[in-house]
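Numbering follows our numbering, in which position 2 of the sequence shown is assigned residue number -13; successive positions increment by one, without gaps. Cβ atoms here follow ideal geometry from the backbone N, Cα and C, with glycine treated the same way.
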Amino acid sequence: MKLSQICKELEYECLQGSMDVEVRDIIYDSRKLAKDTAFVCMVGAVTDGHKYIPDAIEKGASVIVLEKEEKVRQIPAHITVIKVESARRALAYMSAALFDYPDRKLITIGLTGTKGKTTTTYMIKNVLEMAGKKVGLIGTIGALIGDEQIPSKNTTPESYELHRMFAAMVEAGCEYVVMEVSSQGLKLDRTAGIMFDYGVFTNLSPDHIGPAEHESFEEYLACKSLLFRQCRVGIVNVDDEHCEEILKGHTCEVRRFSAANADETEQMTYVPGKEKHIDLRAYDIGFINEDGKLGMHFMVEGVMSCEAKVHIPGRFSVYNSLVTMLVCHLADIPQKAILEGLEKVQVKGRVEMLPVSKDYYLIIDYAHNEVSTRSVLTTLLEYHPRRLICVYGGGGNRSKLRRYDMGEVTGEMADLCVLTCDNPRDEEIRDINKDIQVGLARSNGKFIEIDDRKEAIAYCIKNAQPGDMIVLLGKGHEDYQEIKGVKYHFDEREAVAEILDEIKEGKR
């Protein structure tokens, strides 16, 4: 593709060379430099791409995209040089053009917020798929294009990778893409130039604040708010105290959702066209606890008026359901399909219920630090289990403080902790679990140790009593254990199925 086409929507100054030069690819990682490519000199927290200009020259790059004009003196005259204000923004616009603007061929749904993004993206994806749509997904645990899973280093990938994923989704016949839009992704222009069809704000609380992320909560909030200047319809949680700040300077049509407290009975009056009406509101919220299944039921009114159920436990599931319902409604999915999809939806590794028995409950969750663990256990305790039993370990080569905190919170909230293997990496399982016991001692938590994770799960299943909740923490969606530098296949769902078969066959 000619450089002039790649830069069609980019503001730039050509300092030397021709804009008619052919470009095979765009490179921003100096380790991937190659002949006839455009090298974009990204300036990051750790390194400055301008220092790799000599490498780009040596390896035959035909174009250099830079921010620092003084660097042009070292570049031979036959190489085209264009100057931009922001190399990161340039990469986003150039990548979109290189892949022929694939985001414009998809219905794009972007979610931002502190909590709930991953779960809600999967809920939206699942409901759309149950309605017969083909959907791609991008987020914390990578990208899904059809049945193919692609790992990603960032929740919101770098713009070049993002547009490459979009292009693959278009090629695979996807109609929709649902993605997590992180504050870092917005701050670092990874989504620059994309006009989302729907932008969603879930909630906001202090997170990702530190030297390598955001300088302050104010900056964190400001970055989140950028989504609502690059979407057509903004969907926001009016119950969050930061909602109006998030909407400051917005350029989109705004739709609002809310969930009344469980004891509220007053219904709102839905007024179409009213400036700040609530488009979808949940009320009469209650808990589902039946036949080994947990979840929530609630009534909604506004653009939909009906009863809804979701078999994902916790009050937060009501909010995630409202987002799913409102997005799908606006995308013209029939109400019947939305409600049926919502009732069937499960999100892998996020308070995931395994249907093993009508007498007790088995839940898988990715929680592997104090904050997420406390959140999950608080949710489960709302269902008043007979006993709450936690099966977990700790990641090797990681902070001991995390282990102390995990031990303390599980000791405080659970009736029994079964300490086992997670991803010990280069450490010994027993050494990791000794650190966890420091935290357990602080809260007088009861525990036993079973190093083999499958055997730990089997112990809990064999000794389960009616009304018990067994929660497997830490692995979530992962299907491996990393031990002494080797990744061994281990999927908790498969392990549970094997244990149940072995019990049935009298082998246990």
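Residue burial classification, residue i (beta-carbon count within 10 angstroms, cutoff 16)
| i | result |
| --- | --- |
| glycine 258 | Only weak support exists for where glycine 258 lies, its pLDDT of 39 falling under 50; the value from the coordinates is given anyway. Classification of glycine 258: exposed, given that the 10 Å Cβ count is below 16. |
| proline 298 | buried |
| arginine 58 | exposed |
| lysine 469 | exposed |
| threonine 236 | exposed |
| glutamate 249 | Only weak support exists for where glutamate 249 lies, its pLDDT of 42 falling under 50; the value from the coordinates is given anyway. Result: exposed. |
| threonine 97 | buried |
| threonine 141 | buried |
| glutamate 355 | buried |
| isoleucine 488 | exposed |
| threonine 358 | buried |
| aspartate 486 | exposed |
| aspartate 437 | exposed |
| serine 201 | exposed |
| serine 290 | exposed |
| glutamine 134 | exposed |
Rounded separation between residue i and residue j - CA only
| i | j | result |
| --- | --- | --- |
| aspartate 317 | isoleucine 374 | 43 Å |
| histidine 462 | glycine 378 | 16 Å |
| glutamate 165 | phenylalanine 301 | 17 Å |
| glycine 452 | methionine 115 | 32 Å |
| aspartate 420 | alanine 441 | 19 Å |
| leucine 404 | isoleucine 433 | 6 Å |
| serine 71 | histidine 369 | 54 Å |
| lysine 36 | cysteine 208 | 29 Å |
| proline 136 | leucine 129 | 9 Å |
| leucine 425 | leucine 458 | 16 Å |
| glutamate 490 | valine 481 | 14 Å |
| aspartate 21 | leucine 206 | 41 Å |
| leucine 189 | isoleucine 220 | 14 Å |
| leucine 232 | proline 61 | 48 Å |
| cysteine 406 | arginine 371 | 26 Å |
| serine 342 | glycine 277 | 6 Å |
| leucine 91 | glutamine 215 | 15 Å |
| aspartate 10 | glutamine -10 | 13 Å |
| methionine 391 | tyrosine 473 | 24 Å |
| valine 423 | lysine 439 | 24 Å |
| isoleucine 349 | valine 376 | 10 Å |
DSSP three-state assignment for residue i, whether helix, strand or coil
| i | result |
| --- | --- |
| lysine 36 | helix |
| cysteine 450 | One point to set straight first is that residue 450 is glutamine, not cysteine, in the sequence displayed. Coil, per DSSP. |
| glutamate -4 | coil |
| histidine 282 | strand |
| phenylalanine 202 | helix |
| threonine 236 | coil |
| arginine 175 | coil |
| phenylalanine 301 | helix |
| histidine 462 | coil |
| leucine 315 | helix |
| tyrosine 13 | coil |
| aspartate 486 | helix |
| valine 288 | coil |
| valine 6 | coil |
| lysine 102 | helix |
| leucine 18 | coil |
| valine 494 | Because the chain is modelled from -14 through 493, residue 494 falls outside the range shown and cannot be assessed. |
| phenylalanine 475 | coil |
| valine 50 | strand |
| isoleucine 495 | Because the chain in this structure spans residues -14 to 493, residue 495 falls outside the shown range and cannot be described. |
| methionine 164 | strand |
| lysine 294 | strand |
| cysteine 159 | coil |
| leucine 307 | helix |
| arginine 241 | strand |
| glutamine 215 | coil |
**Item:** Whole beta strand (DSSP E) elements within the stretch 54 to 90, 3-residue minimum
**Value:** 65 to 68
Review point. Any chance the stretch 293 to 313 sits against the stretch 92 to 110, with 3 or more Cβ pairs inside 8 Å?
Key: Yes, the stretch 293 to 313 touches the stretch 92 to 110.
Point to revise | Complete runs of the beta strand (DSSP E) confined to the stretch 318 to 396 [at least 3 residues] | key: 337 to 339, 346 to 350 and 373 to 377
Decide yes or no for the touch test of the stretch 147 to 154 against the stretch 46 to 58: beta carbon pairs closer than 8 Å, at least 3 of them.
no
Any contact of the stretch 171 to 191 with the stretch 77 to 95, i.e. 3+ C-beta pairs under 8 Å? yes
* Would the stretch 321 to 331 and the stretch 348 to 368 be scored as touching if the rule is three or more Cβ pairs under 8 Å? -> no
Three or more C-beta pairs closer than 8 Å, one from the stretch 123 to 136 and one from the stretch 79 to 90: is that the case here?
-> no
ask   = Which parts of the stretch 104 to 149 are runs of the beta strand (DSSP E), unbroken and 3 residues or longer, counting only runs that do not cross its ends?
value = 120 to 124, 127 to 130 and 133 to 135
_What ranges does the beta strand (DSSP E) occupy inside the stretch 398 to 440, keeping only unbroken runs of at least 3 residues that lie completely in it?_
401 to 404 and 432 to 434
- Query: On the three-pair Cβ rule with 8 Å, is the stretch 327 to 336 touching the stretch 279 to 296?
  - Reply: yes
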